[in-house]
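Number of protein chains: 2
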Amino acid sequence: MSGRTSDALRDKVAIIGMGCTRFGVLQDKSFAEQGLEAVNEALADAGIEKERIEAAWLGTFEPNIGGSFPGYAGDFVADILGMPGLPVTRVTNYCATGMDALRNAAFAVAAGMYDVVLVLGNEKMRDVASRDSLIRQVVTTGHPIVQKGLTAPGLFALMARRHMETFGTTREDLALVAVKNHYNGNRHPKAMFHKEITVDDVLNAPMISEPLGLYDCTPTSDGAAAAILCRADLAPQLTDEYILIEAIEMATVTGHRYGRRSESLIGFEATQIAAQRAYAVAGIDDPLAAIDVAEVHDCFTITEILNYEDLGFVPKGEGAHFIREGRSSLEGDLPVNPSGGLKCFGHPIGASGVRMTYVIYEQLLGRAGATQVPTERNGRGLVHNLGGPGSVCVVGLYHRP
Amino acid sequence: MSGRTSDALRDKVAIIGMGCTRFGVLQDKSFAEQGLEAVNEALADAGIEKERIEAAWLGTFEPNIGGSFPGYAGDFVADILGMPGLPVTRVTNYCATGMDALRNAAFAVAAGMYDVVLVLGNEKMRDVASRDSLIRQVVTTGHPIVQKGLTAPGLFALMARRHMETFGTTREDLALVAVKNHYNGNRHPKAMFHKEITVDDVLNAPMISEPLGLYDCTPTSDGAAAAILCRADLAPQLTDEYILIEAIEMATVTGHRYGRRSESLIGFEATQIAAQRAYAVAGIDDPLAAIDVAEVHDCFTITEILNYEDLGFVPKGEGAHFIREGRSSLEGDLPVNPSGGLKCFGHPIGASGVRMTYVIYEQLLGRAGATQVPTERNGRGLVHNLGGPGSVCVVGLYHRP
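Chains C and S, in that order, are what the protein sequence lines are. Its first residue numbered 1, the first sequence is counted upward by one per residue in the UniProt record's numbering. Its first residue numbered 1, the second sequence is counted upward by one per residue in the UniProt record's numbering.
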């Protein structure tokens, strides 16, 4: 296994402010406007002027929507902030783009290169189909994998079917994930969907890719989220309330592109590796006991069940028990996706990882309102961002100082 | 002016191995094959096994050529190396993509996160027109700026015209840049063009965008370049010959996107800011005296003349004198683009910044063969990578230990 665990990041970097737009079909906001809204909210939250920002990282995956260039490179961020000279890097890493942008920003702060930096995850997916989207790949280019039907719903449906056949997971189990996340999302002011649903709603919804129906899938959406990072030792001078980055670990696995996939289809090695690396840094043997709240990548209901297992909350094969027993609910012993997750926020690709970090930030600072869960036990939250056909994963651990 | 200078990177990170494909129309190599060729050459140069690589950064700007996904995210690098688990970030920042990938990799090493990392700049532009290319922008999307003729040749032609009117620079001066770079490129084994030209060749070539003719423009090409970075204190244990990163500074300026460009069209603020930051880190007051060799972004002949001025080699307006007097030639007091530059390598976007670093690396280690220039005075070289409509610039300073 390639890569290395290091505690070089541990408690070196603080998150002192965050902002997040409401997610949804934001026809009334341009890409620039929604990005600026998230940044301004983060600055206000941190209580600092924009002039304190010394560098920025932009996470955007498919900026070329609507025929213009915003988001194609970092100058977009300097533009909307009116900050000539600002160094801005654009990071893109499939659906894990947001967390990888945050990871690179954290490296620069930990290196002592900058004291205060900005991370912006920004994506618009609902204006028109992106020219890079999977749909267009099929139509215009004859993409060799996508043409065979291996779209995202197609891939995750295979994994759902395999999990059902191997471990007895049922469509009702999958439905329980959607029901939980819609319950939570209805309580979060920034979610796209404010609508509770029932197991019957899920089972009777139009089929997308057997066994995944409409409510088993996350929608696409527009949205932006921003974070202000600073050197941990400076944080108390700048703000009263902040959280610390304990670890951000990434793993990229091989074999997906050319049909050489070696995995069993019952889990994501990238998640397993990234999580084990993060746990090693934090000294965590029992994630279920050590983590108070988790925001995980639930692009499909089966993904959340696989995540329970791959993140080590339960042994492989027992993910369905975790949702059946209500252990991931707001009242459970490890609440997962208290915000409603991708299921209720949609998944504007580059924004999601930063938005998920925002959710854990508000949970750890006790600002999560109707979705607040207890975090007294450890003061620690986990963020999990999965990308590509499971080929890249970033796991972040955060805690109160 | 936004941003901050820091010496946090200074001499913390070494480059212990580099590789570079020949640049050109590489119909016989896939994107993966050319990338792997550069990486394998870098590994052999460093004398290390691939298993020493702990993380990687991929610089690719427009990977979606030919209808497939390679290069769209970092998993591509783990795939071609056969290294499951390897964390790989894709960075993209217009034409400065390669240097910004290297910059982010250096931050991670300086932070102590990894000991040995890989940077790969890789781009294929000659198979088919990229779906994101400016040409397709015009055809398929009605891009608001590009449609008005503000293509890259159009923009740089405006700047050439302004420089000519303001400072008396002539088409012959521009031609001298092309003649010099073709002379140099003819001596570099990895250049795309091995052909010397004359001033008359340049003046009589087909006009592209007045006053820029065919030989005033860099071609597109395919190519890849790779670097192995490691902690500076580890470098002597791993290899006998290496160079140190003294500074990598980036600046992103504003106002280009919406016609709010504030610059005079006689220079690039992004270059001026990035250079001043890098010089401040290295304690350089007189760049002409302190730098032995420079590889700069000569996307057009006028750009190299602007670079002389913006990098402080001569005062603003005197760039043409610098080329007229032969001061940037292989025998000059500050040789610029000893490799032949973009003019002779072409400009595969994400690869160029790493390729330019390769050129300075071989110069500083005395391996530049027929293009070798003296570097005894300071043992220091400069790399300059410009992106977008001049909206982003990275300047790197490197020296022998």
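Here a beta-carbon is modelled for each residue, glycine too, at the ideal position from N, C-alpha and C.
Chain S residues whose Cβ lies nearer than 8 Å to that of residue i
i: C:M159; result: Those within 8 Å of C:M159 in chain S number zero; the least Cβ separation is about 18 Å.
Per-residue DSSP class, three states only, for residue i
i: S:C344; result: helix
i: C:H384; result: strand
i: C:E54; result: coil
i: C:I266; result: coil
i: S:I305; result: helix
i: C:Y242; result: coil
i: C:A44; result: helix
i: S:I65; result: Its pLDDT being 49, under 50, S:I65 is placed unreliably by the model, and nothing is read from it.
i: C:E172; result: helix
i: S:G259; result: Residue confidence is low: S:G259 scores 48 on pLDDT, short of 50, so the model does not pin down where it sits. No coordinate-derived value is stated.
i: S:T5; result: coil
i: S:G366; result: coil
i: C:F300; result: strand
i: S:V39; result: helix
i: C:G154; result: helix
i: S:I248; result: strand
i: C:G319; result: helix
i: C:I284; result: coil
i: S:M18; result: strand
i: S:A278; result: helix
i: S:E165; result: helix
i: C:V395; result: strand
Under 9 Å from the C-beta of residue i: neighbouring residues of chain S
i: C:G168; result: Within 9 Å Cβ-Cβ: nothing; C:G168 doesn't reach chain S, min ~29 Å.
i: C:E54; result: S2, G3, R4 and S6
Contacts of residue i in chain S (Cβ-Cβ under 7 Å)
i: C:V119; result: Ordered by position in chain S, no residue passes the 7 Å Cβ test against C:V119, which lies about 13 Å from the chain.
i: C:I273; result: G85
i: C:G388; result: A73 and D75
i: C:V392; result: A73, G74 and D75
Contacts of residue i in chain C (Cβ-Cβ under 7 Å)
i: S:E49; result: Residues of chain C passing the Cβ test: none, with the nearest at roughly 11 Å.
i: S:G112; result: S6 and A8
i: S:M250; result: P87
Proximal residues to residue i (C-beta, below 8 Å), its chain only, five neighbours per side dropped
i: C:I323; result: D173, L176, V177, K180, E304, I305 and Y308
i: S:G154; result: S209
i: S:S264; result: R162
i: S:L203; result: R171, E172, A175 and G213
i: S:L234; result: A14, D115 and V116
i: S:V199; result: E172, A175, L176 and V179
Partners in chain C for residue i, counting only beta-carbon separations shorter than 8 Å
i: S:V253; result: D75, A78, P84 and G85
i: S:A278; result: Going along chain C, no residue has its Cβ under 8 Å from S:A278, so there is no contact; the nearest lies around 12 Å.
i: S:A108; result: N104, F107 and A111
Presumed contact (8 Å Cβ cut-off) between residue i and residue j, rounded CB distance
i: C:F313; j: C:L330; result: Not quite, the Cβ-Cβ distance comes to about 16 Å (not below 8 Å), so this is no contact.
i: S:N378; j: S:I291; result: 7 Å
i: C:P84; j: S:S2; result: 6 Å
i: residue 435 of chain S; j: S:S339; result: Outside the shown range of chain S, which is 1 to 401, sits residue 435 of chain S, and nothing can be said about it.
i: C:F385; j: C:G98; result: Looking at the sequence shown, residue 385 of chain C is not Phe but Asn. About 6 Å; that satisfies the 8 Å criterion.
i: C:Y94; j: C:G387; result: 3 Å
i: residue 452 of chain S; j: S:G35; result: Residue coverage of chain S in this structure runs from 1 to 401, which leaves residue 452 of chain S outside it and unanswerable.
6 Å Cβ shell around residue i - same chain, five flanking residues per side excluded
i: C:T89; result: W57 and G74
i: S:K316; result: E309
i: S:A225; result: C20, A38, G121, A351, V354, R355 and Y358
i: S:R22; result: K190
i: S:A251; result: A270, I273, A274 and C393
i: S:R187; result: A370 and T371
i: C:A294; result: V336 and L382
i: S:N183; result: A small fix is needed here, since residue 183 of chain S is Tyr in this sequence, not Asn. Contacts found: E196.
i: S:G24; result: M192 and S221
i: S:Y72; result: P63
Residues of its chain near residue i, where Cβ-Cβ distance is below 7 Å and the 5 sequence neighbours each way are ignored
i: S:A275; result: D310, L311, G312 and V395
i: S:A205; result: G213, L214 and Y215
i: S:G201; result: Just to set this straight, residue 201 of chain S is Asp in the shown sequence, not Gly. Closer than 7 Å at Cβ, skipping near neighbours: Y215.
i: S:R10; result: E246, A247 and V281
i: S:I284; result: A290
Chain-ordered neighbours of residue i on chain C, where CB pairs are closer than 9 Å
i: S:E41; result: Per Cβ cutoff of 9 Å: no residues; S:E41 is ~20 Å from chain C at best.
i: S:E269; result: P84 and G85
i: S:C38; result: What sits at residue 38 of chain S in the sequence shown is Ala, not Cys. Ordered by position in chain C, no residue passes the 9 Å Cβ test against S:A38, which lies about 19 Å from the chain.
- [ ] Please name the residues in the segment 73 to 106 of chain S whose beta-carbon is closer than 7 Å to at least one beta-carbon of chain D, in chain order.
- [x] Absent here is chain D; the protein component of the structure consists of chains C and S.
Open item on the list: Runs of 4 residues minimum, wholly inside the segment 199 to 235 of chain S: which ones carry the alpha helix (DSSP H) assignment?
Closed with: 199 to 204
TODO: Pick out the complete alpha helix (DSSP H) segments inside the segment 71 to 121 of chain S, 4 residues or longer, and give them in chain order.
DONE: Scanning the segment 71 to 121 of chain S from its first residue to its last, the whole alpha helix (DSSP H) runs of 4-plus residues come out as 75 to 81 and 97 to 110.
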